[in-house]
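A.B. asks: If you scroll down you'll find the structure; I have some questions about it.
Numbering (the numbering used here), first residue to last: 55 to 298.
Written out as structure tokens, the structure is:
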């Protein structure tokens, strides 16, 4: 994830001109595209692909939860035995069109620090910002993070329709408020469990690099591309690349 695209040119492709410093919201971008020639045909194709993607994701998420059910139950038991607190960690994130939802993960930190699992969200330089855990990570939490198993409960978010298997990782509202205007375009699609950024460095990337990969994904998104990203994710997880 190196570098980011500059802001879109005002009025380009039939989109409304925006005043300096303001980018069109995800819903405004979609509404403006209605008048572009060929947009309806493209939208019909996109709807068909979304139906195909949704059916595939429900199947994968359901099979994943059933097949790995005993392992997930064991993980929950180990979390409860190691430290007091809930098995799951939930946090408000923003999804498609910046609509809020609660992401579900296995708790990997002691309860007092669980609310600070990522970092302070008031950052001086959002471009060079990198996620770093704060507080005390539990022993089971460290093992879960190393294998990315702490995010397995995200499959519940997929079944609920909050997330895709592949897409930009969802951010907290406090971080979204600090986005550069052009970054908001990443919210024109649902967030995902894995994505282009996750197979190209994960937490080793700066925030600007992550955003560049996310926008590239939005521009080139396809069902076949999602399958490739999922397959590459297996290798990244096996090698524990960028795991923290």
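Ideal Cβ positions, reconstructed from N, Cα and C, are used throughout, including at glycine. Bear in mind that the values here come from a model prediction, so they are computed numbers and not experimental data.
With a 10 Å radius around its C-beta and 16 neighbouring C-beta atoms as the bar for buried, classify residue 156 as buried or exposed.
C.D. replies: The residue is exposed, with fewer than 16 neighbouring Cβ atoms inside 10 Å.
A.B. asks: Per DSSP, which one or two residues make a beta bridge with residue 218?
C.D. replies: The partner list for residue 218 (beta bridge, DSSP) reads 246.
A.B. asks: Quick one: using the 10 Å Cβ neighbour count with 16 as the cut-off for buried, is residue 111 buried or exposed?
C.D. replies: Under this definition residue 111 is a buried residue.
A.B. asks: Can you tell me which of the three DSSP states residue 274 falls into?
C.D. replies: Of the three classes helix, strand and coil, the one that applies to residue 274 here is helix, per DSSP.
A.B. asks: With distances taken Cα to Cα, identify the nearest neighbour of residue 303 among 287, 216, 290 and 146.
C.D. replies: Any property of residue 303 remains undetermined from this structure, which presents the chain solely from 55 to 298.
A.B. asks: Residue 209 and residue 125 - do their beta-carbons sit closer together than 7 Å?
C.D. replies: No; because the gap between Cβ atoms is not below 7 Å, this pair is not in contact.
A.B. asks: Bridge partners of residue 154, per DSSP?
C.D. replies: Looking at the DSSP assignment, residue 154 forms a beta bridge with 148.
A.B. asks: Could you give the C-beta distance for residue 165 and residue 207, rounded to a whole number, given that I count them as a contact under 8 Å?
C.D. replies: About 17 Å; that fails the 8 Å criterion.
A.B. asks: Kindly indicate the opening and closing residues of the alpha helix (DSSP H) around residue 129.
C.D. replies: Where residue 129 is concerned, the enclosing alpha helix (DSSP H) stretches over 123-136.
A.B. asks: Cβ of residue 212 within 6 Å of any heavy atom in the ligand FAD?
C.D. replies: In the structure shown, the ligand FAD is absent, as is every other ligand, since no ligand is present at all.
A.B. asks: To which residues does DSSP link residue 191 through a beta bridge?
C.D. replies: DSSP output for residue 191 lists 163 as bridge partner(s).
A.B. asks: Quick check: the stretch 244-257 against the stretch 218-229, are there 3 or more CB pairs under 8 Å?
C.D. replies: Contact between the stretch 244-257 and the stretch 218-229 is present, because at least three Cβ pairs lie under 8 Å.
A.B. asks: Going by other Cβ atoms of all chains shown within 10 Å of its Cβ, with 16 needed for buried, is residue 153 buried or exposed?
C.D. replies: With fewer than 16 other Cβ atoms within 10 Å, it is exposed.
A.B. asks: Ignore the nearest five residues each way along the sequence and tell me which others in residue 106's own chain have a CB closer than 8 Å to its CB.
C.D. replies: Within the same chain, residue 106 has close Cβ partners 277.
A.B. asks: Could you tell me the alpha carbon to alpha carbon distance between residue 211 and residue 158, rounded to whole angstroms?
C.D. replies: Roughly 7 Å separates the two Cα atoms.
A.B. asks: Sorted by chain position, which residues of the same chain lie with C-beta nearer than 7 Å to residue 192's C-beta, five sequence neighbours on each side aside?
C.D. replies: So the list reads 136, 137, 162, 163 and 164, once near-sequence residues are dropped.
A.B. asks: Can you check which of these residues, 238, 199 and 271, is closest to residue 257 by C-alpha distance?
C.D. replies: For residue 257, the nearest C-alpha among the options comes from 199.
A.B. asks: Just list the residues that DSSP pairs residue 225 with in beta bridges.
C.D. replies: Residue 225 pairs with 148.
A.B. asks: For residue 213 versus residue 115, is the C-beta spacing smaller than 7 Å?
C.D. replies: Closer than 7 Å, so yes.
A.B. asks: Please identify the residue among 205, 197, 190 and 113 whose C-alpha is closest to the C-alpha of residue 142.
C.D. replies: The shortest Cα separation from residue 142 among 205, 197, 190 and 113 belongs to 205.
A.B. asks: Use the C-beta contact count for residue 11: other C-beta atoms within 10 angstroms, 16 or more gives buried, fewer gives exposed.
C.D. replies: Limits of the chain in this structure are 55 at one end and 298 at the other, which puts residue 11 out of reach.
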